[in-house]
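Novice: Order-wise, the sequence lines are chains A and B.
With the numbering used here applied, the first sequence corresponds to residues 37 to 442, in that order.
With the numbering used here applied, the second sequence corresponds to residues 251 to 519, in that order.
Pasting a structure here, questions to come.
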Amino acid sequence: MRSAARFVLLALTALVAVPAVVVADDRLDLTGSLDLRFVHATGALSWLEGGSGALRFDREHEDLRLGRAFLAGRLRLDDTLSLHAVVDAYGDHDRNPVDLSEFWLEYRPFPLSPLRWRARLGAFYAPISLENRGPGWSDVYSITPSAINTWIGEEFRTLGAEIEARWLGSARGYGGDIALVAAAYGWNDPAGVLLSDRGFGLTDRPSTLFGGLGRPPLTFYHDTDHRAGYYAGLSWRRYDRAEVRALHYDNRADPTSVAGSAFGWMTRFDSVGVRLEPTSHLTLIAQNIDGETVIGPFPGGGEPFRMTFRATFGLASLEYGATRFTARYDDFHTHQLSGFYGPPADQVGHAWTTAVQHDVGDAWQIAAEWIRVTNHFPPRANYGLPADGPESQLQLALRYRFRLQR
Amino acid sequence: MTAVTRRGARVTPLDAGVRMLPGMSPPRLRARPSSSLAARAAGGQRTRATVAVTVAFTTGLLLMLLAPAARAGEVAVSVLDRGGHAVEAVVVTLAPAHGVPAIRRAAPATAIMDQRDRAFVPRVLVVGVGTSVDFPNNDSVSHQVYSFSAAKPFQLPLYKGTRHPPVVFDREGLVVLGCNIHDQMTGYIVVTGAPFFGMTDAAGGYRSGTVPEGDYDVTVWSPLIADAATTLTRHVHVAAGGPTDVRVRLAQALRARPEPRPRRGDWEY
């Protein structure tokens, strides 16, 4: 891990040094944000703190908290090549107080026909979430993303290469475009372990590339089997008014592979999402994810652990001037099929989220969010808790943001 | 006679010996309907002024270049949608068919296609062949403008603090503009060889100003018009005297207008 820390230090130095070196020509675009919270939570110990709670904060971890501090930078190397990095700090007990969460090189040549190619190489999020469209993968509609995109942030990062071919319809009199995207990656074989341990949750605490989540921390960016995973997706956009995304994800992990303390979880799913903006005030988003994860069998360990999962959410967001109101309903399930060693990992849950965000000038935002989760998850018995655990969390956020262009 | 646009570009008639028609001077021309139409479409103070001057002057030049002996008429075009409502910002071109004396081409003009709030302003621009179009980028972010249209393929990175030479549109045709950073940005430049052109105003109207008597093909175009291109040209005879009315009533519903959505504190690149 010393090398990881060195890498992070280098990246940070680069991010700080680059503005000093590049003083003109509009090469650097740096966005930063500091997000402070005042939290009131009613749930039992959060999974992130070593418990089983589905939310980020709990009765023992509330009051004044650091929501997130991040820097998201893009350095233009030339007209078609750019370097992107996101550095995060969450102020919790993660082993790197400051860590990289994305770092990639992007090649985007000018289109010479209606077909435009784009390639990314590095560590980045797969194009799954329709909520996390802000810089640094931040959620623009609420403080906490849906259960689906919470999980994507927690366990998934593409460490590899992605290529996108987009047909630009506007040049052919069609007000929209269609894209095919595909990626090959490694170092994401443990993805699925968190879902089996906690089930779905709603937190705005994604994992970082060299950090971990939970206590003791689970880490997700390992290769256990030297087998590449892939995803392939289709996206359709109509102006800025409608967007549909479908993606099939398969990490192709060997479920019997082990590397050090990391295990391979064969995880695959289908995600379909729709975003509609029928008026300039209203945004509607719906997304569904459906898949399975498998680990084992191990020698002398009986049958493999096999679990299916499904989650859906619907979101409506109204924007009036500097104020945005958002309401979201999440529904999520997991179902264990085999490999029972304790209470079945059969989750039945749903959550209501309401959020208000208000911008004060360009730099400040105040936000309030209330979440209530109803969660039935039998493995909570391992923590001496009943299977049913309603939780709620009220957060008030004060956010400062800046943008630097050099 | 030389006009200086507000950006300092000099526009000079090719032939300095051309006689001016009586009563014709740039200040009067600036108030011509066609120039105010273009100005409205352009939006923005600087853009408006420059486009107005440019269009007015181009029109003036064209009129000056007409053979003084030709008898003159005028064309008044109105474009209505399927429901009978006026359609604004429609490009109108008047191409001489026959019976029109040869019209000398105007001097190359300048025009502006700006970038504001991650949109092209104006969204649709009509220019004569040979026009230099400036892309000033008055936005808070960088753009990388491109076209792969046959009439003018080009790539123009617009970074802050860097001067970019204007692009000369030297071939007739439709040039569709995009931005390689912001895929939702689309703009259109109609490069026309027709001596008379302009755009409809909020009332869906366009007046050509004085044109020589004869037969013309009047064509309308907008990215919002879904009607087949073959149905959008009217062959008209322009006689001296009162305006010749051309009414284009569209059969198909207009395409959805992509409303620009400037996002509050936009954090996208």
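Ideal Cβ positions, reconstructed from N, Cα and C, are used throughout, including at glycine.
Sorted by chain position, which residues of the same chain lie with C-beta nearer than 8 Å to Thr-260 of chain A's C-beta, five sequence neighbours on each side aside?
Specialist: Asp-225, Pro-226, Ala-289, Asp-290, Ser-293, Val-294, Ala-295, Ala-298, Phe-299, Gly-300.
Novice: Given that a residue counts as buried once 16 or more other Cβ atoms are within 10 Å of its Cβ, and exposed if not, what is Asn-4 of chain A?
Specialist: Residue 4 of chain A lies beyond the range of chain A shown here (37 to 442); nothing can be said about it.
Novice: Which residues does DSSP pair with Arg-73 of chain A in a beta bridge?
Specialist: For Arg-73 of chain A, which the question treats as bridged, DSSP gives the partners A:Arg-101, A:Ala-433.
Novice: Between Ala-207 of chain A and chain B, is the shortest Cβ-Cβ distance under 7 Å, so that the two count as touching?
Specialist: Answer yes: the Cβ-Cβ gap between Ala-207 of chain A and chain B drops below 7 Å somewhere.
Novice: So which residues on chain B does Gly-158 of chain A lean against when the C-beta distance must stay under 8 Å?
Specialist: Chain B residues near Gly-158 of chain A: none, gap ~17 Å exceeds 8 Å.
Novice: Taking 6 Å as the limit between beta carbons, can you name the residues of its chain near Trp-406 of chain A, skipping five residues before and five after?
Specialist: Cβ within range, chain order: Thr-390, Leu-430.
Novice: Taking 7 Å as the limit between beta carbons, can you name the residues of its chain near Asp-326 of chain A, skipping five residues before and five after?
Specialist: Correct list, in chain order: Phe-305, Asp-306, Arg-346.
Novice: Mind pulling the chain B residues with CB within less than 8 Å of Asp-115 of chain A?
Specialist: Here the neighbours are Gln-394, Gln-405, Pro-407.
Novice: Can you check whether the CB of Ala-401 of chain B is closer than 7 Å to the CB of Thr-381 of chain B?
Specialist: It is not a contact, given that the beta carbons lie outside the stated cut-off.
Novice: Let me check one thing: in DSSP terms, what residues is Leu-440 of chain A bridge-paired to?
Specialist: Its beta-bridge partners are A:Leu-66.
Novice: Chain B beta carbons: is any one of them nearer than 7 Å to that of Leu-148 of chain A?
Specialist: Yes, its Cβ sits closer than 7 Å to a Cβ of chain B.
Novice: Is there a Cβ of chain B sitting closer than 7 Å to that of Gly-269 of chain A, yes or no?
Specialist: It does not; no Cβ of chain B falls within 7 Å.
Novice: What are the start and end residues of the alpha helix (DSSP H) that includes Asp-459 of chain A?
Specialist: Summary: the structure shown does not reach residue 459 of chain A, with chain A confined to residues 37 through 442, and so no result is reported for it.
Novice: Closest to Gly-228 of chain A by CA distance: which of A:Ala-201, A:Gly-212, A:Arg-193 is it?
Specialist: Answer by Cα proximity: A:Arg-193.
Novice: In whole angstroms, what separates the C-alpha of Asp-128 of chain A from that of Leu-249 of chain A?
Specialist: Answer to the nearest angstrom: the Cα atoms are 10 Å apart.
Novice: Determine, using beta carbons only, whether Arg-435 of chain A comes closer than 7 Å to chain B.
Specialist: No, because no Cβ of chain B sits closer than 7 Å to the Cβ of Arg-435 of chain A.
Novice: Taking the alpha-carbon of Arg-435 of chain A as reference, which of A:Asn-132, A:Ser-178, A:Arg-131 has the nearest alpha-carbon?
Specialist: Ranking A:Asn-132, A:Ser-178, A:Arg-131 by Cα distance to Arg-435 of chain A puts A:Ser-178 first.
Novice: Looking at the structure shown, is Asp-261 of chain A part of a helix, part of a strand, or coil, going by DSSP?
Specialist: If DSSP states are grouped into helix, strand and coil, Asp-261 of chain A belongs with coil.
Novice: If you draw a straight line from the C-alpha of Leu-136 of chain A to the C-alpha of Thr-244 of chain A, how long is it?
Specialist: The alpha-carbon atoms of Leu-136 of chain A and Thr-244 of chain A are separated by roughly 6 Å.
Novice: What residue does the beta strand (DSSP E) around Thr-186 of chain A start on, and which one ends it?
Specialist: No beta strand (DSSP E) holds Thr-186 of chain A; the alpha helix (DSSP H) holding it covers 183 to 191.
Novice: With a threshold of 6 Å, establish whether the CB of Arg-366 of chain B neighbours any heavy atom of the ligand ZN.
Specialist: As for the ligand ZN, it is missing from this structure, which has no ligand bound.
Novice: Take Arg-208 of chain A and list the residues in its own chain whose beta-carbon comes closer than 7 Å to its own, dropping the five residues that flank it on each side.
Specialist: Once the five neighbours on either side are set aside, the close Cβ partners of Arg-208 of chain A are Pro-150.
Novice: Against Arg-251 of chain A, what residues of chain B qualify as contacts under a CB-to-CB distance less than 8 Å, listed in chain order?
Specialist: Ordered by position in chain B, no residue passes the 8 Å Cβ test against Arg-251 of chain A, which lies about 33 Å from the chain.
Novice: Applying the criterion that 16 or more other CB atoms from any shown protein chain within 10 Å of the CB defines a buried residue, is Leu-424 of chain B buried or exposed?
Specialist: Buried, because 16 or more other Cβ atoms sit within 10 Å of the Cβ of Leu-424 of chain B.
Novice: Taking its Cβ as the centre, do 16 or more other Cβ atoms sit within 10 Å of Gln-502 of chain B, making it buried, or is it exposed?
Specialist: Classification of Gln-502 of chain B: exposed, given that the 10 Å Cβ count is below 16.
Novice: In the region 167 to 200 of chain A, which residues sit with their C-beta less than 7 Å from some C-beta in chain B, listed in chain order?
Specialist: Listed by position, the residues of the region 167 to 200 of chain A near chain B (Cβ gap below 7 Å) are Gly-170, Pro-171.
Novice: Closer than 8 Å by C-beta to Glu-324 of chain B: which residues in its own chain qualify, once you throw out the five before and the five after it? Chain order, please.
Specialist: Same-chain partners within the cutoff: Arg-457, Ser-458, Gly-459, Thr-460, Val-461, Val-488, Gly-492, Pro-493, Thr-494.
Novice: Would you call the region 371 to 378 of chain A and the region 336 to 345 of chain A in contact, with 3 or more CB pairs under 8 Å?
Specialist: Flag = yes, the region 371 to 378 of chain A and the region 336 to 345 of chain A touch.
Novice: Rounded C-beta distance between Ala-159 of chain A and Trp-140 of chain A? I'm assuming under 8 Å.
Specialist: Between Trp-140 of chain A and Ala-159 of chain A the Cβ distance is about 6 Å, and since that is below 8 Å, they are a contact.
Novice: By the three-class DSSP mapping on this structure, what secondary structure does Arg-92 of chain A have?
Specialist: Arg-92 of chain A falls in the coil class under three-state DSSP.
Novice: Who are His-394 of chain A's beta bridge partners in DSSP?
Specialist: According to DSSP, His-394 of chain A bridges with A:Thr-359, A:Ile-402.
Novice: Are the C-beta atoms of Gln-434 of chain B and some chain A residue less than 7 Å apart?
Specialist: It does: the Cβ of Gln-434 of chain B has a partner Cβ on chain A nearer than 7 Å.
Novice: Using 7 Å as the threshold, is the C-beta distance between Gly-443 of chain B and Val-376 of chain B below it?
Specialist: It is not a contact, given that the beta carbons lie outside the stated cut-off.
Novice: Can the beta-carbon of Gln-393 of chain A be found less than 7 Å from the beta-carbon of Gln-401 of chain A?
Specialist: Yes. Within cutoff.
Novice: So, do the region 268 to 278 of chain A and the region 113 to 122 of chain A have three or more beta carbon pairs nearer to each other than 8 Å?
Specialist: The region 268 to 278 of chain A vs the region 113 to 122 of chain A: no contact.
Novice: Which residues in chain A have a C-beta closer than 7 Å to the C-beta of Val-426 of chain B? List them in chain order.
Specialist: In chain order: Ser-206, Ala-207.
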